[in-house]
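First up is the structure itself, then whatever we jot down about it.
Residue numbers (the numbering used here), protein chains in the order written: chain A, 657 to 878; chain B, 3 to 276; chain C, 40 to 270.
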């Protein structure tokens with residue numbers, strides 16, 4: 657078993673890099689972080705649309721959010737994989753496909769988190785800001801959203817952990833993330849499936865549990 | 003004057019007609035047969051990096067056909083999409099370019115006798131006792147998602163239980179873990195996987211029967227009956243003298259990476275199913 | 040893109056495949072749910088018990104399962120776990136739809152761990168005086184739970200449980216990676232054989248959304264009929 661670790665350890669951690677694209681655990685973390693970073697502006701925009709006074713904005717966005725949340729993430733990934741090239745006009749790789757699918761899916765979930773966060777800020781804050789002469793946009797940008805973000809940190813940490821786990825679906829479209837590589841290693845080694853898949857599970861456990869604990873240590877109460 | 007012109011025209015047409023209808027005569031006159039090959043499809047036709055010449059199974063066959071006709075062969079590399087146009091325009095006399103004999107293509111070109119048969123095969127666990135395709139009825143067979151394997155197998159064995167996985171290696175793992183009785187895939191990938199198994203090979207058998215067949219043949223220009231007769235005759239002689247078999251084993255047999263244990267076709271027919 | 044022809048995927052063999060996939064997805068949902076809820080209740084009670092070992096077991100169970108993606112669970116239970124079984128058990132499993140059994144195990148454990156947390160926080164939100172009063176009246180721990188706390192926790196716990204049921208429904212799609220012929224698997228098969236991506240994925244998306252809608256409607260209906268009462 658330890659020979660397997662030595663032979664395939666580096667492949668598991670960083671994939672084919674530098675002889676090929678980045679893969680493995682490094683790719684999982686990169687994809688998870690990038691997807692969450694992209695999902696934030698998507699979530700904020702959708703949340704603002706959800707609380708907007710204009711029905712023509714509120715209703716389609718609410719409908720879209722309900723559709724995305726009622727569909728399995730795997731389905732969203734397939735839609736992105738098959739139809740993104742047709743929409744954008746160029747062939748998108750698996751990483752880009754997963755990134756966009758995760759950003760949209762998590763953006764729809766974050767919209768609820770952001771909405772709750774914004775609506776949780778006492779009305780007095782907005783009143784004070786408006787009476788000081790700030791307009792709608794400035795109030796949001798300078799007063800409401802920064803405070804809301806601080807309240808949302810625990811949910812954001814949870815969403816990051818969820819996103820890290822969701823990157824594993826890249827396996828199905830052939831993205832060389834850590835679960836795909838573990839399966840490839842297993843198909844070469846054959847005789848140690850329990851050890852290999854247990855190691856894969858342990859990797860995710862350490863990663864996700866570690867992120868939550870680290871956030872707790874930083875003071876974020878999840 | 004006009005009569006002379008017409009006679010010349012008639013003679014010219016007759017000459018052109020006979021010239022066109024006897025490519026074989028032209029070739030014999032030139033002393034050279036031009037073979038169109040891909041040169042990028044090992045081991046059918048490819049460039050040997052040591053000698054930097056084009057070699058391969060189809061190259062050997064084409065050279066032998068030329069020899070039987072009584073001329074020398076010139077090997078010309080052509081692109082996949084350019085195969086039929088180059089033949090039709092006369093830049094090559096014959097196609098030896100991994101060309102599948104299909105009904106649709108019969109409308110534009112002729113085919114020689116089938117020179118190679120490839121397709122999809124099934125690898126079974128030895129302890130399942132399955133020795134032919136019909137015995138797969140009701141049994142579990144694994145393969146990869148997204149290909150023609152499942153559909154092709156169902157055509158042959160309608161009651162088979164096919165389970166597909168995201169990648170072929172994943173399906174192979176399922177077979178090796180005894181989750182299924184058999185694994186179907188493209189012939190060349192199957193032999194490659196079998197070769198990589200090492201000592202575990204004794205537990206598995208690749209059934210010789212093809213689930214789907216892809217007949218490869220030489221491409222010939224249409225309306226050249228004499229040429230087709232000559233090429234087919236040459237191929238039959240090569241088959242009878244066992245030279246064709248020798249080349250098969252040279253490029254696909256036990257000493258090569260592909261290691262086909264047997265040759266399950268003969269060069270004898272140009273009939274293909276619909 | 041050319042013309043869309045939905046009749047291709049809604050008739051004949053393709054329709055048979057999609058319908059059988061949809062039915063299997065529903066069966067996966069039902070089987071996993073029926074296993075997960077009791078398991079989750081037991082684990083939640085373990086985490087709330089006064090016995091340290093039980094609390095530790097509960098914590099390890101929940102954290103160990105929740106921090107691992109469902110796809111990895113599926114791969115583990117199908118490709119790794121059976122190799123640990125003795126050969127007669129393994130052969131029995133392979134002869135009896137291993138793909139479905141392993142998918143149900145993975146789904147039940149994964150959902151169960153999330154449900155355990157929801158049940159635990161629901162029980163904790165029942166005022167402590169209720170338990171104290173019950174114990175003072177002579178009820179043992181389990182009896183107090185069964186007769187006093189759980190019935191009150193019920194209203195609080197059901198909405199998050201319905202939300203987990205919705206997640207469970209969507210998660211059944213991941214079983215496709217271990218060859219379970221549920222709706223996502225059949226949709227991929229239809230797309231391969233019909234070359235009609237939009238139509239096949241469109242119909243499947245609609246199927247998923249319909250059941251999601253039903254589950255959400257149940258949630259809304261429940262909250263209207265049984266609103267949480269403050270005691």
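C-beta: ideal position from N, C-alpha, C; glycine also.
Other residues of its chain near residue i: CB distance less than 7 Å, five sequence neighbours each side excluded
i                      : result
residue 96 of chain C  : 85
residue 93 of chain C  : 85
residue 100 of chain C : 82, 152
residue 211 of chain C : 64, 67, 68, 146, 221
residue 204 of chain C : 72, 254
residue 157 of chain C : 196, 199, 200, 203
residue 659 of chain A : none
residue 232 of chain B : 26, 71
residue 170 of chain B : 146, 187, 191
residue 228 of chain C : 56
For residue j and residue i, the rounded distance between their alpha carbons
i                      : j                      : result
residue 179 of chain B : residue 823 of chain A : 27 Å
residue 705 of chain A : residue 754 of chain A : 25 Å
residue 740 of chain A : residue 752 of chain A : 10 Å
residue 51 of chain C  : residue 57 of chain C  : 10 Å
residue 768 of chain A : residue 697 of chain A : 13 Å
residue 680 of chain A : residue 200 of chain B : 28 Å
residue 59 of chain C  : residue 214 of chain C : 15 Å
residue 168 of chain B : residue 161 of chain B : 23 Å
residue 825 of chain A : residue 35 of chain B  : 55 Å
residue 40 of chain C  : residue 256 of chain B : Low local confidence applies: a pLDDT of 44 at residue 40 of chain C is under 50, so the model's placement there is unreliable, and no value is given.
residue 711 of chain A : residue 774 of chain A : 19 Å
residue 235 of chain B : residue 145 of chain B : 41 Å
residue 811 of chain A : residue 89 of chain C  : 30 Å
residue 819 of chain A : residue 155 of chain C : 21 Å
residue 686 of chain A : residue 147 of chain B : 28 Å
residue 130 of chain C : residue 140 of chain B : 17 Å
residue 805 of chain A : residue 683 of chain A : 27 Å
residue 263 of chain C : residue 827 of chain A : 41 Å
residue 28 of chain B  : residue 230 of chain B : 14 Å
residue 184 of chain C : residue 858 of chain A : 35 Å
residue 105 of chain B : residue 274 of chain B : 8 Å
residue 830 of chain A : residue 224 of chain B : 45 Å
residue 191 of chain C : residue 166 of chain C : 10 Å
residue 154 of chain B : residue 215 of chain B : 10 Å
residue 67 of chain B  : residue 54 of chain B  : 23 Å
residue 181 of chain C : residue 194 of chain C : 19 Å
residue 715 of chain A : residue 701 of chain A : 14 Å
residue 121 of chain B : residue 103 of chain B : 13 Å
Selected residue, minimal CA-CA separation from residue i, among the options
i                      : options                    : result
residue 798 of chain A : A:809, A:811, A:784        : A:784
residue 136 of chain B : B:101, B:113, B:212        : B:212
residue 64 of chain B  : B:188, B:54, B:77          : B:77
residue 663 of chain A : A:869, A:838, A:874        : A:838
residue 101 of chain B : B:111, B:204, B:27         : B:111
residue 304 of chain B : B:53, B:45, B:75           : Only positions 3 to 276 of chain B appear in the structure, and residue 304 of chain B is not among them; the question remains open.
residue 730 of chain A : A:793, A:756, A:862, A:666 : A:756
residue 240 of chain C : C:183, C:223, C:103, C:116 : C:223
residue 115 of chain C : A:749, A:793, A:853, A:695 : A:853
residue 641 of chain A : A:790, A:760, A:758, A:807 : Chain A is shown only over 657 to 878; residue 641 of chain A falls outside these bounds and no answer can be derived.
Interface residues of chain E facing residue i [CB-CB closer than 8 Å]
i                      : result
residue 247 of chain C : Looking for chain E here will not work: the only protein chains present are A, B and C.
Own chain, CB closer than 8 Å to residue i, minus 5 neighbours either side, in chain order
i                      : result
residue 816 of chain A : 688, 689, 692, 867
residue 61 of chain B  : 37, 39, 47, 77, 98
residue 44 of chain C  : 235, 238
residue 98 of chain C  : 86
residue 699 of chain A : 762, 763, 764, 765, 766, 767, 769, 770
residue 782 of chain A : 795, 799, 800
beta-carbon residue i near the ligand PLP non-hydrogen atom, thresh 6 Å
i                     : result
residue 67 of chain C : Among the components modelled here there is no ligand, and therefore nothing to report on the ligand PLP.
Cutoff 6 Å; reference residue i; Cβ partners in own chain excluding five residues on either side
i                      : result
residue 250 of chain B : 265
Open item on the list: Under 8 Å, with one C-beta from each stretch per pair, do the segment 129-141 of chain C and the segment 156-166 of chain C reach the 3-pair mark?
Closed with: no
TODO: Would you check if the segment 112-132 of chain B and the segment 254-274 of chain B touch, i.e. whether three or more CB-CB distances between them fall below 8 Å?
DONE: yes
Open item on the list: Between the segment 69-84 of chain C and the segment 143-151 of chain C, can you find at least three pairs of beta-carbon atoms closer than 8 Å?
Closed with: yes
Open item on the list: By the 8 Å beta-carbon criterion, what residues does the segment 118-148 of chain C contribute toward chain B?
Closed with: 118, 121, 122, 129, 130, 133, 137, 138
- [ ] Check each residue of the segment 228-246 of chain C: if its Cβ is closer than 9 Å to any Cβ of chain B, include it; give the result in chain order.
- [x] 228, 230, 231, 232
Open item on the list: Using 8 Å as the cut-off, can you tell me whether the segment 122-142 of chain B makes contact with the segment 180-199 of chain B, which would need three or more C-beta pairs spanning the two stretches below that distance?
Closed with: yes
Task: the segment 116-123 of chain C in contact with the segment 187-207 of chain C per 3-pair CB rule at 8 Å - done: no
- [ ] Please name the residues in the segment 840-864 of chain A whose beta-carbon is closer than 9 Å to at least one beta-carbon of chain B, in chain order.
- [x] 840, 842, 843, 844, 846, 849
Task: Residues within the segment 812-841 of chain A neighbouring chain B, beta-carbon criterion of under 8 Å - done: 827, 828, 830, 839, 840
Task: Near-chain A residues of the segment 167-199 of chain B (beta-carbon distance less than 7 Å), N- to C-terminal order - done: 168, 171, 172, 174, 175, 178
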